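2 protein chains.
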Amino acid sequence: MNEEAYLQDYDKGAFEAPLLTVDAVLFTYHLDELKVLLVERSNHPEKGKWALPGGFVAEDTDKTLEDTVVRKLKEKTGVAPPYIEQLYTFGGAGRDKRGWSVTVCYTALIAHQACQSHIDTVSDVAWVNVARAEKMDLAFDHEKILRYARERLRQKALYSIVPAYALPKKFTLPELQRVHEAIIGKPLQKKSFRRRIEQADLLIDTGEKRSEGGRPATLYRMRAKSGDYTFVRNLEQ
Amino acid sequence: MNEEAYLQDYDKGAFEAPLLTVDAVLFTYHLDELKVLLVERSNHPEKGKWALPGGFVAEDTDKTLEDTVVRKLKEKTGVAPPYIEQLYTFGGAGRDKRGWSVTVCYTALIAHQACQSHIDTVSDVAWVNVARAEKMDLAFDHEKILRYARERLRQKALYSIVPAYALPKKFTLPELQRVHEAIIGKPLQKKSFRRRIEQADLLIDTGEKRSEGGRPATLYRMRAKSGDYTFVRNLEQ
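Each protein sequence line maps, in turn, to chains A and B.
Sequential numbering of the first sequence, starting at 1, is according to full-length UniProt numbering.
Sequential numbering of the second sequence, starting at 1, is according to full-length UniProt numbering.
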């Protein structure tokens, strides 16, 4: 049999296969808190529990796994997040009552302002303080996934300005420092933080200013690819 | 309907689902070369091409994705590798002619001596020099996966002693330096390499010695968890 004949006869459904989903840990920063997007499950299994947003691949419309996660997040937030990165793939016999299952997980960041109005129109979606979410009885193994994503984000905040993706496009240096501090969980030295960000030349001065505690503070935006920059020493030091 | 009734009626086969495989990029070090394990495909699709070892989950026997990859590697090498780590999950509509497919990829390392006798008995398996493998017309997107794994291994070699897992359990410091150099692709300063490995206290002196170019060299083995240690500065510096 040649390959053409083989493929013509091939029936994917004839083989037992694990369930495959994607899930996203979408973070934002709002009112001095790091928050994660949770969705209340309206269907079995784990109906009524809160879970990470995600779902099955749509084979007709999704070209890649990232298409699937972007589509799922758009359904819940109305927009595509500016930062998305594959986190880890969890799979096994015990994580879903429907059977052997695999979930390809992504971490994403978005500005609260970019999607809040859409989220307010949807009843089953909420931003939850991350520390509180970690203590909730989430569906499946989503608590474990959230903790794993939280730790990865902490590493990112120590070595990059990826946290800036949780802010609006234009932001001040004090705002950037605060989102870093919220994620790292420790205060940073203002002078040293500012100097290292400036030396790395990651931000563009927009020429605009905004009043911060009385004083006008410069508004910056990220340079393209600034999220890829890795500091050699972590920003705490 | 309650969850129990839902699960009783649930038919996984009723939904279209992507094909799910695991694949492993298994590296070793032999005769001053970094090598990767390839398998010649005996079935369609891509029959006759060389590919990374891997395959489908066995839902009855595998408890986790890592069980699947360990089982697949054992089939090909006779043993389980001492180092295995999830690399990345590649998925999409175009990577497999059978349809939408996802592969959860792992990087692994093993000593050549640990499995060569088994590999010699199997006709469809071979260790291939990595530079040569990257130029072969491998099955599916395995060339892309190999390049991705190769780059990750290079990073590991700059910041950890993970390359030691490609050596026999007992090895000399010159041997360790040579496997690092083969992976990084550059010579390292002997004095500095030795000092940094010693300062990090990652190895145990076995009390045995082996003759290296006339002089007796101390045989070391890794401490437990030494593979997790990350150097703050890379070993080239």
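Quick reminder that beta carbons are idealized off the backbone N, C-alpha and C, glycines included.
Quantities reported herein were computed from a predicted structural model and do not represent experimental measurements.
Item                                                                                                                        : Value
Amino acids of chain A, ordered along the chain, whose beta-carbon sits closer than 9 Å to that of B:Y88                    : Q86, T89
Closer than 9 Å at the beta carbon, the chain B residues around A:Y229                                                      : Within chain B, no residue comes near A:Y229; the closest Cβ sits about 16 Å away, beyond 9 Å.
Buried or exposed (CB count within 10 angstroms, at least 16 for buried), B:R150                                            : buried
Sequence-distant residues of the same chain with beta carbon closer than 6 Å to B:Y165, five excluded per side              : P82, Y83, L109
Contacts of B:K209 in chain A (Cβ-Cβ under 9 Å)                                                                             : In chain order: nothing, as chain A lies at least about 38 Å away.
Heavy atom of the ligand HEM within 8 Å of B:H112 beta-carbon                                                               : As far as ligands go, the structure on display features none, and thus does not contain the ligand HEM.
Opening and closing residue of the alpha helix (DSSP H) in which B:F193 lies                                                : 190–199
Separation of B:G78 from B:T21, as counted between CA atoms                                                                 : 20 Å
Test item: CB-CB of A:H44 and B:Y6 under 9 Å                                                                                : yes
Chain-ordered residues of the segment 4–17 of chain A with a beta carbon less than 8 Å from chain B                         : Y6, L7, Y10, K12, G13, F15, E16, A17
Contacting residues, own chain, Cβ-Cβ under 6 Å from B:P163 (five flanking each side not counted)                           : A157, V179, H180, I183
Closer than 9 Å to chain B by CB, A:D141                                                                                    : no
Under 8 Å from the C-beta of A:K97: neighbouring residues of chain B                                                        : E3, L7
Integer-rounded CB distance, given that B:L19 should sit under 8 Å from B:G99                                               : 6 Å
Nonlocal neighbours in the same chain, by C-beta distance under 6 Å from A:Q116, ignoring five residues either side         : none
B:Q199 to B:H112 span [Cα, whole Å]                                                                                         : 28 Å
Below-9 Å beta-carbon distance, A:E33 vs any chain B residue                                                                : no
Bridge partner(s) assigned by DSSP for B:P216                                                                               : B:S211
Opposing strand residues paired with B:M222 [DSSP bridges]                                                                  : B:L203
Buried/exposed call for B:S211, threshold 16 Cβ in 10 Å                                                                     : exposed
CA nearest to the CA of A:Y10, picked from B:Q8, B:D96, B:M1                                                                : B:D96
Interface positions of the segment 177–197 of chain A facing chain B (Cβ-Cβ less than 7 Å), listed along the chain          : none
Residues that A:G54 bridges to, as DSSP identifies them                                                                     : A:D23
Chain-ordered neighbours of A:V102 on chain B, where CB pairs are closer than 9 Å                                           : L20, V57, L65, T89, V102, V104
Contact list for B:A80 against chain A, beta-carbon separation under 8 Å                                                    : What B:A80 touches in chain A: nothing, since even the nearest Cβ is about 18 Å away.
Exposure of B:E4, with buried meaning 16 or more beta-carbon neighbours within 10 Å                                         : exposed
Chain-order list of residues whose beta-carbon lies under 8 Å from that of B:L87 (same chain, five-residue window excluded) : V25, C105, Y106, T107, I145, Y148, A149, R152
CA-to-CA distance, B:R221 to B:N129, given in whole angstroms                                                               : 26 Å
Residue range of the unbroken alpha helix (DSSP H) whose run includes A:Q155                                                : 142–159
9 Å Cβ cutoff met for B:L173 and B:R196                                                                                     : no
Cβ-based neighbour list, A:E46, same chain, cut-off 7 Å, excluding 5 preceding and 5 following                              : A139, F140
Alpha-carbon spacing of B:V39 relative to A:E134, whole angstroms                                                           : 43 Å
Per-residue DSSP class, three states only, for B:Q86                                                                        : strand
8 Å Cβ cut-off: residues of chain A touching B:A200                                                                         : The premise fails here: B:A200 is roughly 18 Å from chain A at the closest Cβ pair, so nothing lies under 8 Å.
Nearest-angstrom Cα separation, counted from B:R154 out to A:Q237                                                           : 26 Å
Chain B contact for A:V232 (CB, 9 Å cutoff)                                                                                 : yes
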